[in-house]
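A.B. asks: Numbering (the numbering used here), first residue to last: 799 to 1067. Beta carbons: idealized from backbone N, C-alpha and C, even for Gly.
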Amino acid sequence: GLHGHIKVAPDGTVFIPNNSCSGEGAVLVSQDNGITWNIRTVPGTTSNPALQDPQVGIDNNGRVYFVMSSATGTGSQAVVATSDDHGATWHNVYDVGAAYKLQNVFYPAAVAADGGRAAVAFYGSTTGGDGSANSFSGVWHLYVANTFDGGQTWTTTAHGGADICRNLLDFFDMTVDKQGRVEVGYVDGCTDGTCAQAALTAKGNAYTARGVIARQSSGRRLIAKFDPPNPLHAKSAPGMPSVTQRRVGPVVHLAWSEADTGNSTIKSY
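So this is what it looks like as structure tokens:
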């Protein structure tokens, strides 16, 4: 199978996440600068036949956060796990898409910074089945899950506004900026009025593609010293909605995606 990005822990240990080792997700680990390698599987995960890349993030204390699109009988789950011994054992194995009843997950990514603080991101759909098939009827959204207690608990949120239809496109990654904000780079496949105003089905896809960035604007950071005061209730300026228009005969239809609220209550546009 395919493998995720190479990550190096503060102590020099090298990790290569892999989708398929004896039917499970795994990390390939070297503690001697690549001279020797050990395969360490992650219990509770199942290799994905769609050859999804797992990923790892490593915090400043060396804790490893593993995420993969783990196969199920009807799709896949966003499964995370943590390790404090270079992958020899794993704990806190969770499906972080369960809160949204996700049945398919694509292109997971992971990042970590201060001890105990990490985030994962992925595309998710509530529709089961083969998510890469032309006949797939589901719609996709961007999701980000954060932990601030070393992976004991995770909070998952949906991002990307209210567009309900997107062309499933790859090239996906995430990072953390110098002030601890999570940033996700992905491809928006719903960029015109026809797609943005489509009904809640997979129809109306314009097959467009635009590289975009989802950037954290409120809440706790992955670098603790940059946390805003009272971070769970801190507010920032709401973002600007993205307005689209399309003409149908003599009528012009306007639509807009929901922008970031800045942690404020938006009653109307």
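#1: At a cut-off of 7 Å, would you count G922 as near the ligand NAP, judging by its Cβ distance to the nearest heavy atom?
#2: For T951, count neighbouring Cβ atoms within 10 angstroms of its own Cβ and tell me buried if that reaches 16, exposed if not.
#3: I'd like the span of the beta strand (DSSP E) that includes G823, first residue to last.
#4: Hey, could you find the ends of the beta strand (DSSP E) T839 is sitting in?
#5: Using DSSP bridges, identify the partner residues of L940.
#6: Using a Cβ distance threshold of 8 Å, determine whether the region 913-926 contacts the region 1015-1028, with at least three qualifying pairs required.
#7: Taking the alpha-carbon positions, what's the I856 to H1051 distance?
#8: When you compare the CB positions of R876 and W888, do they come within less than 8 Å of one another, or not?
#9: Mind reading off the beta-carbon distance from A1012 to V985? Whole number of angstroms is fine, and I expect it under 8 Å.
#10: Would you kindly work out how many angstroms separate the C-alpha atoms of V862 and V840, rounded to a whole number?
#11: Which residue marks the beginning of the beta strand (DSSP E) containing C988, and which one marks its end?
#12: Relative to the C-alpha of G1037, which candidate in G1060, H939, D830 and R1044 has its C-alpha closest?
#13: Is the distance from the Cβ of H801 to the Cβ of N816 below 8 Å?
#14: Mapping DSSP to helix, strand and coil, what is K805?
#15: DSSP three-state label for A1012, please.
#16: Quick check: the Cα distance between Q853 and H957, rounded to an integer number of angstroms?
#17: Which residue's Cα is closest to the Cα of D1025: V982, G978 and K805?
#18: Exposed or buried, K805, counting other C-beta atoms within 10 Å across all chains shown (16 or more means buried)?
C.D. replies: Result, derived from the coordinates:
#1: By its list of ligands, the structure shown contains no ligand whatsoever, and the ligand NAP lies outside what it can speak to.
#2: Of the residues assessed, T951 falls on the exposed side of the cut-off, its CB having fewer than 16 other CB atoms within 10 angstroms.
#3: Element bounds for G823: E822 to S828.
#4: Start and end: N836 to T839.
#5: Answer is Y921 and H957, bridged to L940.
#6: The region 913-926 and the region 1015-1028 touch, with no fewer than 3 CB-CB distances between them shorter than 8 Å.
#7: About 47 Å.
#8: With the sequence shown as reference, residue 876 is identified as Ala, and Arg is not the correct amino acid for it. No; because the gap between Cβ atoms is not below 8 Å, this pair is not in contact.
#9: The Cβ separation is near 12 Å, so there is no contact.
#10: Taking the straight line from one Cα to the other gives about 12 Å.
#11: For C988, there is no enclosing beta strand (DSSP E), as DSSP marks it with neither H nor E.
#12: Taking only the C-alpha atoms, the option nearest G1037 is G1060.
#13: Their beta carbons are under 8 Å apart, which means H801 touches N816 by this criterion.
#14: Here K805 carries a strand assignment [DSSP, helix/strand/coil].
#15: A1012 carries a strand assignment under DSSP once its states are collapsed to helix, strand and coil.
#16: When rounded, the separation of the alpha-carbon atoms in Q853 and H957 is 20 Å.
#17: It is G978.
#18: In summary, K805 is buried, with 16 or more beta-carbon neighbours lying within 10 Å of its beta-carbon over all protein chains present.
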